[in-house]
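Below is one structure, written out as C-alpha cells, with a few remarks after it.
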Amino acid sequence: MADERASKKTTRTKNRPRKIGTLFLLNLICTLNTAFANGRQHLPKSCKNSKTILEHFRNKTICLERKLVNFESWEFHETNLLLESFPIELETRNYVRQVRRAVFSFVDPTSLRTRPSIVAISQDVFENILDIDFNSVGQSDTFLDFVSGNRLINHSVPLAHRYGGHQFGEWSGQLGDGRAVLLGDYVNSKGERWELQLKGSGKTPYSRHGDGRAVLRSSIREFLASEAMHHLGIPTSRAASIAVSKDPVWRDMFYDGHPKQEKAAVVLRLAKSWFRIGSLEILTRHEETDLLRKVVDFVIDHHFPDIQGEDEDKYLKLYSKVVTMTAEMIVKWQSVGFAHGVCNTDNFSLLSITIDYGPFGFLDDYNSDFIPNSSDDEGRYSFRNQPSIGFYNLEKLLDAMSPLLDVKRGRKILQGYAEVFNNRFNDAFRKKLGLQGKIKNDDMLVKSLLWMMEVTHADYTMTFRELSNLTTQQIERNNLPEEAWALRRLAKHPNWFDWLQRYRERLDRNFADDTDEKRIQRMQSVNPRYVFRNWMAQSAIDKADKGDYSEVQKLLRILEKPFEIQAEAEAAGFALPPPPWASSLRVSCSS
Numbered sequence: 050m051a052d053e054r055a056s057k058k059t060t061r062t063k064n065r066p067r068k069i070g071t072l073f074l075l076n077l078i079c080t081l082n083t084a085f086a087n088g089r090q091h092l093p094k095s096c097k098n099s100k101t102i103l104e105h106f107r108n109k110t111i112c113l114e115r116k117l118v119n120f121e122s123w124e125f126h127e128t129n130l131l132l133e134s135f136p137i138e139l140e141t142r143n144y145v146r147q148v149r150r151a152v153f154s155f156v157d158p159t160s161l162r163t164r165p166s167i168v169a170i171s172q173d174v175f176e177n178i179l180d181i182d183f184n185s186v187g188q189s190d191t192f193l194d195f196v197s198g199n200r201l202i203n204h205s206v207p208l209a210h211r212y213g214g215h216q217f218g219e220w221s222g223q224l225g226d227g228r229a230v231l232l233g234d235y236v237n238s239k240g241e242r243w244e245l246q247l248k249g250s251g252k253t254p255y256s257r258h259g260d261g262r263a264v265l266r267s268s269i270r271e272f273l274a275s276e277a278m279h280h281l282g283i284p285t286s287r288a289a290s291i292a293v294s295k296d297p298v299w300r301d302m303f304y305d306g307h308p309k310q311e312k313a314a315v316v317l318r319l320a321k322s323w324f325r326i327g328s329l330e331i332l333t334r335h336e337e338t339d340l341l342r343k344v345v346d347f348v349i350d351h352h353f354p355d356i357q358g359e360d361e362d363k364y365l366k367l368y369s370k371v372v373t374m375t376a377e378m379i380v381k382w383q384s385v386g387f388a389h390g391v392c393n394t395d396n397f398s399l400l401s402i403t404i405d406y407g408p409f410g411f412l413d414d415y416n417s418d419f420i421p422n423s424s425d426d427e428g429r430y431s432f433r434n435q436p437s438i439g440f441y442n443l444e445k446l447l448d449a450m451s452p453l454l455d456v457k458r459g460r461k462i463l464q465g466y467a468e469v470f471n472n473r474f475n476d477a478f479r480k481k482l483g484l485q486g487k488i489k490n491d492d493m494l495v496k497s498l499l500w501m502m503e504v505t506h507a508d509y510t511m512t513f514r515e516l517s518n519l520t521t522q523q524i525e526r527n528n529l530p531e532e533a534w535a536l537r538r539l540a541k542h543p544n545w546f547d548w549l550q551r552y553r554e555r556l557d558r559n560f561a562d563d564t565d566e567k568r569i570q571r572m573q574s575v576n577p578r579y580v581f582r583n584w585m586a587q588s589a590i591d592k593a594d595k596g597d598y599s600e601v602q603k604l605l606r607i608l609e610k611p612f613e614i615q616a617e618a619e620a621a622g623f624a625l626p627p628p629p630w631a632s633s634l635r636v637s638c639s640s
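Right, here's the structure in full:
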C-alpha cells in the first residue's frame, strides 16, 4: 500500500509539459498593470472596478486559442484554488469520522482490484471542456488508470468535501463525499475553471456505513443523464467517462432484504463548483462562522463576478441570485418533464446546476404526481412538488447564511421566489407552444393543455413535439397526422377541439412577420424529440451487465442531439410509445 501511495504521489509532479506563451502573458500583465498605475479610463469596466490585474483575471474569462493536447501531456492546473482557499483536515488517515473545522479532507482514490475497462466517453467533454484530443484517450493505459481511480496525474490534489444536509425534511448531520474524490482544477482554453471528481472511487472519511463504490447501473444513469440534460439546455454537472471492473459490490436495490452482487464502476464527472446548500448548513450548525464566510466569499469571488467583494450587501445579493437561478433551474426541469427524485439540500447546488443524479426519471405519460424514487413513500419529491421543494431548500439556505446577512431582508427576497418561478414557467411554456409576446390568459391556455394531458395520459415529451409539427391549417381543421400518436391520445378529451381553436386564435396574435415555418422551427428547438427515459436506460444497463456497451454509446450519440430527428433513434423506437413493461420499472436511491 505504501509503494502504491508513493507511486501515486510521484505521478503528480513528474513529466510536466513545457509551458507555452509564458513570456507573452507576463508582458500582457505588465502592460495592464501599467494601465492600472496610469489611469483606468481605457480599461474594461470590470478592470476599473478591480484592485489589481490579478483580481481582474480571476473574475473575467480570458479566451486563448483552443489547442487540443494528447492526454499523456495533459495536467491539472498547478494552483489548486480549493487547497489555497480553505483549511484542509490535518488527519490524513482514511477512516470514517466526524470532521470539524475543515471544509475538505485529504484522501486518495482506492484502486480497483481487477482490470477496468471503458464503458463510454464523452467526446464533447474531453474536447470542448478539457482540451484533450479525443483520439488520444482510448489507446492510453494512463487514461484508463486515471478515470478509474488507479492513478493520480500531475498536480492532482485528491480531496473529499465535508457537508451536511436536510434529507426528506430532517437534518441528517454530517454527510459529505462518501464515495467521491475531487482530483483537481482544470482551467481550459476558454478560461473556464472546472473541478474534476471521481464518483465510486472508494471510501472517504464521509462514507458512513458505505463501501465508497458505485455500481454500473447507477453510473450509466448518471453519465447519460448529465450529458442529456446539458444538451437539453439545462444547467448541470457534466460526465466525461465511465469505467467498470469486475470488482464485486453488494447492493440491496429496493431495501427489501435481497442484496445482489453487481459490478463496481467509476464516473469521472465535472462541475465549475461542487459546493451545495449543505456545504453551508454544516458550518452554521457547528458555529464555524469564519469558514462559512470563507466558502461564501469564495463562491462570490469565483462564480458571481458581478457582485463586488467590498459590497456590504454582497451576501444578500448572492442569496437573491441563488433564489432566482434555482427557480429558473426547476422551471427547466418541469419544461422537459424531469423529476430529480432526491431534492435534499445536500443535492442542491449553490450554482443552481443539476447535480447528483440518482433515482430520477423523465415523464412518459403525463402524471403530475409522478414519483421516480421508489424509496419516496410519501411523494415528497414528486414532479408536482419540485417547485415547492425548491422554496423549502432556499429557506434552509437562508438559515445557513443567517450569520452573514439580514434575515428579515433575506425573507423578503425569498418571498419573491413564487413570482419568479411563475413568470419563468409561463415564459418557458409560451416558447413550447410557439407563442410570441405576453397576453392575458396565456397561463390558462397552458394549464388547460396540461390538465387534458393528465386526464388522457398523453405522453409529455411527444405531445409538445407533435404540436411543434402542426401547420396553422392542420390546427384549424384538427387534422392530425397518422403518426401523431401522442396528440391522437390527447384528442380523445372532449375539450380538445375547443382548446385547439383557442390555441389557433392565440397564434393569430403572434408578431405580424411570424410564419408557420418560423414558429415550427422555434418550437422544435425547445421541444425535444428524445429524452432519457427510464426504459431506455434499463435497456442499456441490461446489455452493459453482459459486457455489451454499444447501447450506452448509442444513447449518448442520440441524446447529444435531442431536438434533431435521427434515423438511429427512430429505428430504436425512441419516438414511439414506451413498451408496456416501461410502466413497471422501479428505481431507488441504491447505487
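Our numbering puts the first residue of the sequence shown at 50, with every later residue one more than the last. Just so you know, even glycine gets a beta-carbon here, dropped at the ideal spot from N, CA and C. Since we're looking at a predicted model, the values are computed, not measured.
The alpha helix (DSSP H) runs lying completely inside the stretch 397-483 and spanning 4 residues or more are 435-450, 456-464, 466-481, given in chain order.
Going by DSSP, Ala292 is part of the beta strand (DSSP E) stretching over 287-300. Sequence-distant Cβ neighbours of Ser294 in its own chain, meaning closer than 6 Å and more than five residues away, are Leu161, Thr163, Pro165, Ala313. When Val391, Asp413, Gly410 are compared, the shortest CA-CA separation from Asn442 is found for Val391. Within its own chain, the residues whose Cβ lies closer than 6 Å to the Cβ of Val174, once the five positions on either side in sequence are excluded, are Arg287, Ala289, listed in chain order.
Counting C-beta atoms within 10 angstroms of its own C-beta, Asp157 has 16 or more neighbours from the protein chains shown and is therefore classed as buried. Ranked by Cα distance from Gly218, the options Phe440, Ser398, Asn583 are led by Phe440. At the C-beta level, Phe411 and Arg146 stay beyond 8 Å of one another. Ser599 is classed as exposed because its beta carbon has fewer than 16 other beta carbons within 10 Å across all chains shown. In the three-state DSSP reduction, Gln383 falls in the helix class (H, G or I).
By a beta-carbon distance limit of 8 Å, Ser250 contacts Val315. Their separation comes to about 6 Å. With respect to the 8 Å criterion, Arg257 and Ile331 are not classified as neighbours on the basis of their beta carbons.
Counting along the chain, no alpha helix (DSSP H) covers Trp243; the unbroken beta strand (DSSP E) around it starts and ends at 242-248. Under the three-state reduction of DSSP, Arg635 is assigned to coil, being neither helix nor strand. A straight-line Cα-Cα distance of about 14 Å links Ala618 and Ser588. Per DSSP, reduced to three states, the secondary structure at Val316 is strand. If you look at Ile326, you'll find it isn't in any beta strand (DSSP E); it sits in the alpha helix (DSSP H) that goes 326-334. Straight across, the Cα-Cα distance linking Leu193 with Phe183 is about 13 Å. DSSP places Ser154 inside the beta strand (DSSP E), whose first and last residues are 153-155. Just measuring C-alpha positions, the residue of Ile590, Glu613, Lys603 sitting nearest Val575 is Glu613. According to DSSP, Tyr579 shares a beta bridge with no other residue. Secondary structure of Gln357 (DSSP, three-state): coil. Within the same chain, and ignoring the five residues on either side of Pro577 in sequence, the residues whose Cβ sits closer than 8 Å to its Cβ are Leu281, Val385, Thr510, Arg514, Pro611, Phe612. Rounded to the nearest angstrom, the gap between the Cα atoms of Phe397 and Leu329 is 12 Å.
With contacts defined by Cβ atoms closer than 8 Å, Asp405 and Leu224 do not form a contacting pair. Using a Cβ distance threshold of 8 Å, Leu317 and Leu247 count as a contacting pair.
Each residue's CA atom was taken as its position, placing Glu121 and Gln522 some 59 Å apart.
For Glu377, the number of other beta carbons within 10 angstroms of its own is at least 16, and it is reported as buried. When C-beta atoms of the stretch 354-363 are compared with those of the stretch 418-437, fewer than three pairs fall below 8 Å, so the two segments do not count as touching. Its Cα nearest to that of Pro408, the residue Arg266 stands out among Glu609, Val148, Arg266, Gly227. Membership of Asp565 in the alpha helix (DSSP H) is indicated by the continuous run 565-573. In this chain, the beta strand (DSSP E) harbouring Trp220 covers 219-223. Our two residues, Leu208 and Ser154, have alpha carbons roughly 5 Å apart in a direct line. Checking the DSSP bridge columns, you'll see Val372 has no partner listed. The shortest C-alpha to C-alpha distance from Ser185 to any of Ser497, Gln310, Asn119, Ile291 is the one to Asn119. Annotation: the continuous beta strand (DSSP E) that includes His215 extends over 213-216.
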